[in-house]
Ligand SMILES: [Zn+2]
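Numbering (our numbering), first residue to last: 246 to 692.
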């Protein structure tokens with residue numbers, strides 16, 4: 246079975262529900278860029294796909310960065326004079342500034358306020374704050390709760406540790422016929438946030454799982470990494486292998502009800518950029534395409550000038566463009582199975598373009614071949630048949646060795662699947678010859 250056949254057999258609604266279930270299971274865990282929350286999350290993913298985890302020790306230089314101390318947290322609270330937990334890590338891990346240094350002391354309201362973060366515009370929401378590279382401590386709480394604090398003494402406790410350890414990331418590699426790779430990367434370092442972080446993880450896991458069961462031209466690599474430092478670490482450890490990456494997508498924010506958005510790679514006209522654009526144009530749904538900018542997720546690292554990899558960012562509503570972003574409102578109500586499933590199907594459609602984007606040579610380039618005598622002309626009535634015929638004419642005309650099937654689909658305005666079907670028929674009738682592509686040595690040995 247190939248990707249196209251696979252897409253037709255899937256129960257997409259059921260997959261959306263399963264993707265959501267994984268998001269819900271990962272939701273309570275306090276993840277960060279290092280530590281046991283991240284490891285525990287990757288262990289859950291191992292039930293779906295046999296990913297490998299890699300540890301890079303604290304202090305290891307990775308390009309211009311250094312692997313930080315490992316952060317772990319067991320408990321945290323603010324107690325009032327009556328000994329009541331008025332802010333409790335056990336209720337929401339967003340209450341603690343991620344990477345807070347340990348602290349346990351009594352403070353005045355004035356001192357406490359210097360360590361509190363709220364969202365006055367959304368007084369019921371808890372903000373998400375981090376302090377990875379500056380050692381400090383802090384709490385996040387709703388603005389309404391903040392306003393209710395009185396001139397008291399408060400006991401603050403953050404039972405965390407910042408110690409030498411390592412940075413963890415997960416990687417799953419699926420070999421294909423070719424060594425050339427398609428890369429999927431998602432950040433896995435946020436605590437209880439659903440769209441930003443967990444939706445991308447879930448999408449990557451389910452893509453990896455279904456791709457494991459199909460015939461693949463490309464090899465696939467899935468990365469579950471902490472944002473920024475994780476991608477920089479992975480790039481540093483794998484620098485000699487990067488030329489194998491032919492296409493890539495960073496997955497993030499793929500579960501909200503907004504339209505699909507694609508941020509192009511730095512190259513702007515890479516095959517992945519054109520494949521995503523083509524799929525979105527033919528999706529019969531609203532979508533947005535953005536040019537590359539050096540701000541966002543890990544495409545910033547993959548597309549840094551020293552690598553300039555063909556990696557775009559596939560999402561729905563971009564980071565920072567929804568008020569729930571980096572707040573407690575990016576919760577299990579904010580992502581929906583339908584959007585997760587829709588993002589999944591669109592990714593499969595993109596992959597089916599990439600997997601099948603071959604270049605052919607017309608074997609009868611002098612004038613049009615006589616399709617009628619081969620039973621290929623006007624054999625099917627109605628507008629459907631006419632479009633099939635048109636697709637064949639486009640494929641024949643542009644298969645001069647310089648146009649891939651995606652080029653032909655883009656130029657003709659006909660959806661890729663139809664162009665591919667036309668090419669298959671013409672190939673069967675020996676009117677096309679495939680341009681040779683390199684094949685992995687191990688695969689040749691097994692054929
Ligand atoms: Zn984020």
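Ideal Cβ positions, reconstructed from N, Cα and C, are used throughout, including at glycine.
Determine the DSSP secondary structure at residue i, reduced to helix, strand or coil.
i, result
"residue 672", "helix"
"residue 365", "coil"
"residue 648", "strand"
"residue 306", "strand"
"residue 433", "coil"
"residue 521", "helix"
"residue 371", "coil"
"residue 535", "strand"
"residue 291", "coil"
"residue 413", "strand"
"residue 482", "helix"
"residue 265", "helix"
"residue 583", "helix"
"residue 218", "As displayed, the chain neither begins before 246 nor continues past 692, which places residue 218 out of reach and without an answer."
"residue 336", "coil"
"residue 464", "strand"
"residue 686", "Bear in mind that the predicted position of residue 686 carries a pLDDT of just 48, short of 50, making it unreliable; the figure below should be weighed with that in mind. Correct three-state label for residue 686: helix."
"residue 474", "helix"
"residue 247", "coil"
Count the other CB atoms within 10 Å of the CB of residue i; is the residue buried (16 or more) or exposed (fewer)?
i, result
"residue 638", "exposed"
"residue 395", "exposed"
"residue 582", "buried"
"residue 198", "Because the chain in this structure spans residues 246 to 692, residue 198 falls outside the shown range and cannot be described."
"residue 365", "exposed"
"residue 345", "buried"
"residue 680", "exposed"
"residue 250", "exposed"
"residue 415", "buried"
"residue 351", "exposed"
Does the beta-carbon of residue i, which I'm using as the reference point, lie nearer than 8 Å to any heavy atom of ligand 1?
i, result
"residue 503", "no"
"residue 472", "yes"
"residue 496", "no"
"residue 543", "no"
"residue 442", "yes"
"residue 648", "no"
"residue 438", "yes"
"residue 432", "yes"
"residue 435", "yes"
"residue 492", "no"
"residue 388", "no"
Who are the near neighbours of residue i in its chain, counting only those whose CB is closer than 6 Å to its CB and skipping five residues on each side?
i, result
"residue 471", "278, 434"
"residue 428", "466, 490, 493"
"residue 527", "660"
"residue 588", "448, 499"
"residue 663", "636"
Within its chain, find whatever has a CB closer than 7 Å to the CB of residue i; leave out the 5 residues flanking it on each side and keep chain order.
i, result
"residue 437", "272, 273, 337, 338, 339"
"residue 248", "459, 593, 596, 597, 600"
"residue 276", "282, 283, 286, 433, 434, 435, 436"
"residue 683", "At residue 683 the pLDDT is 48, less than 50, meaning the model places this residue with poor confidence; the figure from the coordinates comes in the next sentence. Here the set comprises 423."
"residue 554", "487, 490, 493, 547, 548"
"residue 570", "441, 564"
>> I'd like to know if the region 400-412 and the region 264-281 are in contact, where contact means that at least 3 CB-CB pairs between them fall below 8 Å.
In response: yes
>> Any contact between the region 358-367 and the region 284-302? By contact I mean 3 or more CB pairs, one from each, below 8 Å.
In response: no
> Below 8 Å, can you find three or more Cβ-Cβ pairs linking the region 532-545 to the region 568-581?
Replying inline: Per the Cβ contact rule, the region 532-545 is not in contact with the region 568-581 (fewer than 3 Cβ pairs under 8 Å).
> Touch check for the region 504-512 and the region 533-550: three-plus C-beta pairs under 8 Å?
Replying inline: yes
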